[in-house]
Amino acid sequence: PVSSLAALAAGADAPLALAVLDARRSEVFAALHEQAEERWAPFVARPEALAECVRATGLTPLAAGDGAIRYRRELEAAGARIPPDDSPDHVVHALAVCRLGAQVAPVAPEAVLPDYLRMPDAVLPQQTPRP
8 PVSSLAALAA GADAPLALAV LDARRSEVFA ALHEQAEERW APFVARPEAL AECVRATGLT
68 PLAAGDGAIR YRRELEAAGA RIPPDDSPDH VVHALAVCRL GAQVAPVAPE AVLPDYLRMP
128 DAVLPQQTPR P
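First residue of the sequence shown? That's 8 in our numbering, and the numbers climb one at a time after it.
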């Protein structure tokens, strides 16, 4: 399996890439990759918290993805570099997915599962016993 964040980082034109996807609800999904190696595992955070993480490292990663575009001001203030909105760095490229997929052992299709980074908002209704 190949994560969207890893594929986004792999397609970015930088040795240190911060993949940032807009998770809606004023949150982002993010992961930091250095030379194609995962430095920060994927996580969900508020944009301000992600910016603080970037600031704390003292690094200047290239931030890519729709979350980087949406929260450009916060991330640039923390030291991240963000390409122009129309840059190809902001999209996942099929070639990056294929290259990453070629580096992992094959698994059965039923073994490929989503990696949910946050709890869902929806809750199942309580079942009430019927008389």
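All residues carry an ideal CB built from backbone N, CA and C; glycine is no exception. Everything numeric in this text was worked out from a predicted model, so none of it was measured.
- Looking at the backbone, the Cα of A16 and that of R88 are separated by about 13 Å.
- Just measuring C-alpha positions, the residue of H97, R77 and A85 sitting nearest A71 is H97.
- Restricting attention to P95, G86 and A109, the CA atom closest to the CA of A19 is found in P95.
- For P54, the enclosing alpha helix (DSSP H) begins and ends at P54 to T64.
- With respect to the C-alpha of V27, the residue from P121, P90 and Q42 having the closest C-alpha is P90.
- Under the three-state reduction of DSSP output, A24 falls in the strand class.
- Taking 8 Å as the cut-off, the Cβ atoms of P68 and L23 count as close.
- For H97, the three-state secondary structure derived from DSSP is helix.
- Around the beta carbon of G74, a 10 Å sphere encloses 16 or more other beta carbons of the protein chains shown; the residue is thus reported as buried.
- Counting of Cβ neighbours within 10 angstroms places V130 among the exposed residues, the total staying below 16.
- Excluding residues up to 5 positions away in sequence, L25, R46, W47 and P68 lie with their Cβ nearer than 7 Å to the Cβ of L39 in the same chain.
- CA-CA distance, V119 to V9, rounds to 9 Å.
- Partner residues in a beta bridge of A112, as assigned by DSSP, do not exist.
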